[in-house]
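One structure is given here, and the rest of the page talks about it.
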Amino acid sequence: MKAEMADEWLGFERRQVLDWFEQAGLVNRLVDCTGEDCCATHAGDTGADEPNEQARISVFAAVGTKRVNGAREHVQEQYAARARTGAACCGSGSGVNICCASPDNPDSEGVNIQPDYAAIDTTVIPEEAAGMALGCGNPTALALLQPGEVVVDIGSGGGLDCFLASRQVGEKGKVIGVDMTPVMLGRARQAARRMGIANVEFRKGTAEALPLPDGSADVVMSNCVINLCEDKGQVFNEAFRVLKPGGRLEISDIVASGSFPGEVSADPSRWGDCIFGAIPEGEYLALLRQAGFSDPQVQKRAHSGDVFDVAISSLTLTAAKPSTTA
Ligand SMILES: C[S@@+](CC[C@H](N)C(=O)[O-])C[C@H]1O[C@@H](n2cnc3c(N)ncnc32)[C@H](O)[C@@H]1O
55 MKAEMADEWL GFERRQVLDW FEQAGLVNRL VDCTGEDCCA THAGDTGADE
105 PNEQARISVF AAVGTKRVNG AREHVQEQYA ARARTGAACC GSGSGVNICC
155 ASPDNPDSEG VNIQPDYAAI DTTVIPEEAA GMALGCGNPT ALALLQPGEV
205 VVDIGSGGGL DCFLASRQVG EKGKVIGVDM TPVMLGRARQ AARRMGIANV
255 EFRKGTAEAL PLPDGSADVV MSNCVINLCE DKGQVFNEAF RVLKPGGRLE
305 ISDIVASGSF PGEVSADPSR WGDCIFGAIP EGEYLALLRQ AGFSDPQVQK
355 RAHSGDVFDV AISSLTLTAA KPSTTA
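Spelled out as structure tokens, the structure:
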């Protein structure tokens, strides 16, 4: 191509484009083919390759998002306040409090985000954890956890999913909840102590830098947390890193059908409601694939409402780390 068409620029490596976006400070960086190819056939003997060989040149699109200053701090404050009061934000069902749009945010009126647990047996699961269910699904119901497995819960909150998982993995297994909010961690640890649950541990850390070694978990799960994280791509990289080869990811989370008005998604004070940090499902799945996960599958999808003409849905999805990585 260089000899025949005098092309100076022979294209980009995906990695190179991602690095440029990273240097520019963008998050959720994605590079993907548009599905269109330009083709060219080289006719003469340029001394390279076979004559008449076709060069397929794929056209790519790259996207990235500018960080929202203060989003993480607002999210942390909001969940610390919930952990302190232990209060439901909009009622309760099945014996669990429900996370939804906060009542003082009129933008999110009409959006109802809730987990889908059956009745919780509080003779074996701590009541204070059942009373702090802030999720949007029920990942342990679909994760097919096995006795002896090591499970990591990203953004474990009051610990309900950890306690449910602890019963499935049994005493030979282990569950590690990771959360960045100290008051939430305190609440979850106290619940574990009170009920004498020994196979659950809660660690302080962020989803973007998990406090766990490489290849140490059989399953990584998360319930309504990744929408709150600015750099979802980095969260998926971290989940991939800590999983063993062949390990599984099981996530319940919120996605949006499109973009919110710029001034809304750029307002850090709106990030805590599990709505305005949500990204489209296609982008979410592409970020998972880019992190290395194979075959992400949506297992459940529920419409939670509309805001600014954007449909909000909760998803539960599964994906796997390949047994052998190239
Ligand atoms: C909506 S609540 C969900 C809690 C829990 N998974 C559940 O289902 O009840 C979000 C939790 O994620 C935590 N969180 C949010 N962003 C985080 C981050 N970047 N790293 C670690 N924890 C985070 C918050 O402190 C909060 O406890």
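In terms of my numbering, the sequence shown opens at residue 55 and continues consecutively.
Positions of the beta carbon are idealized from the N, C-alpha and C atoms, including for glycine.
Proximity below 8 angstroms, CB of Leu303 to CB of Thr372 = For the pair Leu303 and Thr372, the CB atoms are nearer than the 8 angstroms cut-off.
inquiry  = What does the alpha-carbon distance come out to for the pair Thr370 and Ser323?
reply    = So the two alpha carbons sit approximately 26 angstroms from each other.
Pro350 classed as buried or exposed, judged by whether at least 16 other C-beta atoms fall within 10 angstroms = Buried, since its Cβ has 16 or more Cβ neighbours within 10 Å.
message = Assuming the contact rule is C-beta atoms closer than 8 angstroms, Gly312 and Val364 should be a hit. Round their C-beta distance to whole Å, please.
response = Contact holds; Cβ gap of about 5 angstroms.
task = Classify Asn123 as helix, strand or coil using the three-state DSSP reduction.
result = Collapsing the DSSP output to three states places Asn123 in coil.
task = Select from Val85, Ala356, Ile366, Asp321 the residue whose C-alpha is nearest the C-alpha of Arg126.
result = Comparing Cα positions, the closest option is Asp321.
request  = Closer than 8 angstroms by C-beta to Pro299: which residues in its own chain qualify, once you throw out the five before and the five after it? Chain order, please.
outcome  = So the qualifying residues of the chain are Gly269, Lys375, Pro376, Ser377, Thr378, Thr379.
query = What residues match up with Arg355 in a beta bridge as DSSP calls it?
reply = Checking the DSSP bridge columns, you'll see Arg355 partnered with Leu369.
Collapsed DSSP secondary structure at Pro350 in the structure displayed = Correct three-state label for Pro350: strand.
Alpha carbon of Ala115 to alpha carbon of Val309, nearest angstrom = Pairing Ala115 with Val309, the inter-Cα distance amounts to about 21 angstroms.
query = Between the segment 278-288 and the segment 250-259, do three or more beta carbon pairs fall short of 8 angstroms?
reply = Short answer: they don't touch.
Euclidean distance between Cα positions of Met275 and Asp61 = Straight-line measurement puts the Cα of Asp61 at about 47 angstroms from the Cα of Met275.
ask   = Is the closest heavy atom of ligand 1 to the C-beta of Gln130 under 7 angstroms?
value = Yes, since a heavy atom of ligand 1 falls inside the 7 angstroms radius drawn around the Cβ of Gln130.
ask   = Are three or more beta carbon pairs between the segment 175-190 and the segment 203-218 nearer than 8 angstroms?
value = They touch, by the three-pair rule.
inquiry  = Once DSSP output is grouped into helix, strand and coil, what is the label at Cys216?
reply    = Helix at Cys216.
ask   = What separation, rounded to the nearest whole angstrom, lies between the Cα atoms of Gly346 and Ala340?
value = In this structure, the CA atom of Gly346 is about 10 angstroms from the CA atom of Ala340.
ask   = Do you know offhand how far Ala332's Cα is from Asn82's?
value = The straight-line gap separating the alpha-carbon atoms of Ala332 and Asn82 is approximately 12 angstroms.
query = Since Val71 and Cys92 are thought to touch, with beta carbons under 8 angstroms apart, how far apart are those beta carbons, to the nearest angstrom?
reply = Not confirmed; about 17 angstroms, so no contact.
Sheet register partners of Arg302 (DSSP bridge) = Arg302 is bridged to Val273, Ala374.
request  = Return yes when at least one heavy atom of ligand 1 lies under 7 angstroms from the C-beta of Asp307, else no.
outcome  = No, ligand 1 has no heavy atom inside 7 angstroms of this Cβ.
query = Roughly how many angstroms separate the alpha carbons of Ile230 and Ile167, rounded to a whole number?
reply = The alpha-carbon separation between Ile230 and Ile167 amounts to approximately 25 angstroms.
query = Does the beta-carbon distance from Gly79 to Arg121 come in below 8 angstroms?
reply = Yes, Cβ-Cβ distance for Gly79 and Arg121 is below 8 angstroms.
request  = Please name the residue in Glu58, Gln77, Leu84 whose C-alpha comes closest to that of Arg68.
outcome  = Residue Leu84 holds the alpha-carbon nearest to the alpha-carbon of Arg68 among Glu58, Gln77, Leu84.
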